[in-house]
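Visitor:
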Amino acid sequence: VDGEPKTVETKINGRPSLCYSEESEEDTSAMSKVSFVESVDEWREITSSDERIVVAQFTASWCGPCKRIEPFFQCLAHKYDGHFVKVDVDDLDEVAQECSVAMMPTFVVMKGSDCTLGRTTGTCKVGLEQLISEHCSAIART
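Numbering (UniProt numbering), first residue to last: 1 to 142.
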């Protein structure tokens, strides 16, 4: 029906994903679970735990594709239990180099300071959710 959000039937690991509708593309900044890393020291603190899975989006303020994928990344942060963060490569070049970031957006799933659990680049939503679902558990909805 015209005027209603469209939902695309997409399954990740055999489960339907709720992040593929036009409705999920709305601004979620008011309820953001994605923190913006402000300094190298903050990055070190976030990645110091070997117990916590960190999902990092490497981005830049001028990056159009990064802005387009942002609402979807926010949606995934509400769906999965990882610690979701954004890193601006222009502000934290040292961190971007440590994680071998060569293009934006780059998404890295890591545990501790190991940037090698998984990564993907670009704006493929299915690929991004597949990567995250391999390392993070879905949050139960009531």
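The beta carbon of each residue, even a glycine, is placed where N, CA and C say it ideally should be. This structure is a prediction, so every number in the text was calculated from the model and none was measured.
#1: Give me the Cα-Cα distance between L131 and D114, rounded to the nearest whole angstrom.
#2: Roughly how many angstroms lie between the CA atoms of D90 and M103, to the nearest whole one?
#3: Nearest to V34 by CA position, among K67, H78 and C136, is which residue?
#4: Spatial neighbours of D81 within its chain, please: C-beta separation below 6 Å, excluding the five flanking residues on both sides.
#5: Using C-beta distances below 6 Å, list every residue in its chain close to R119, excluding the 5 sequence neighbours before and after it, in chain order.
#6: By how many angstroms is the C-alpha of F58 removed from the C-alpha of A96?
#7: Would you mind giving the Cβ-Cβ distance between L92 and V37, rounded to the nearest angstrom? I have them listed as a contact below 8 Å.
#8: Runs of 4 residues minimum, wholly inside the UniProt domain "Thioredoxin" (39 to 130): which ones carry the alpha helix (DSSP H) assignment?
#9: Between the alpha carbons of C66 and A60, how many angstroms are there, rounded?
#10: Excluding the five sequence neighbours on either side, which residues of its own chain have a C-beta within less than 6 Å of the C-beta of H83, listed in chain order?
Guide: Once the coordinates are examined:
#1: For the purposes of this step, residue 131 is taken as residue 131 along the sequence shown, with counting starting at 1. For the purposes of this step, residue 114 is taken as residue 114 along the sequence shown, with counting starting at 1. If I take the Cα positions, the gap works out to 16 Å.
#2: Along the sequence shown, read from residue 1 onward, the residue named residue 90 stands at position 90. Along the sequence shown, read from residue 1 onward, the residue named residue 103 stands at position 103. Rounded to whole angstroms, the gap between the alpha carbons of D90 and M103 is 12 Å.
#3: Locating residue 34 in the sequence shown gives position 34, counting from the first residue. Closest by alpha carbon: H78.
#4: Position 81 of the sequence shown, counted from the first residue, corresponds to residue 81. Only C136, S137 and I139 meet the Cβ criterion.
#5: Position 119 of the sequence shown, counted from the start, is the residue given in the question as residue 119. Same-chain partners within the cutoff: V108.
#6: For this step, residue 96 is matched to residue 96 along the sequence shown. For this step, residue 58 is matched to residue 58 along the sequence shown. Between A96 and F58, the C-alpha separation is close to 7 Å.
#7: Position 92 of the sequence shown, counted from the first residue, corresponds to residue 92. Position 37 of the sequence shown, counted from the first residue, corresponds to residue 37. Yes, L92 and V37 are in contact; Cβ-Cβ is about 6 Å, under 8 Å.
#8: 40 to 46, 64 to 79 and 93 to 98
#9: Position 66 of the sequence shown, counted from the first residue, corresponds to residue 66. Position 60 of the sequence shown, counted from the first residue, corresponds to residue 60. Rounded to whole angstroms, C66 to A60 spans 7 Å at the Cα level.
#10: For the purposes of this step, residue 83 is identified with residue 83 of the sequence shown, where counting begins at 1. By the criterion of a C-beta distance shorter than 6 Å, H83 is surrounded in its chain by R52 and V54, once the five residues flanking it on both sides are discounted.
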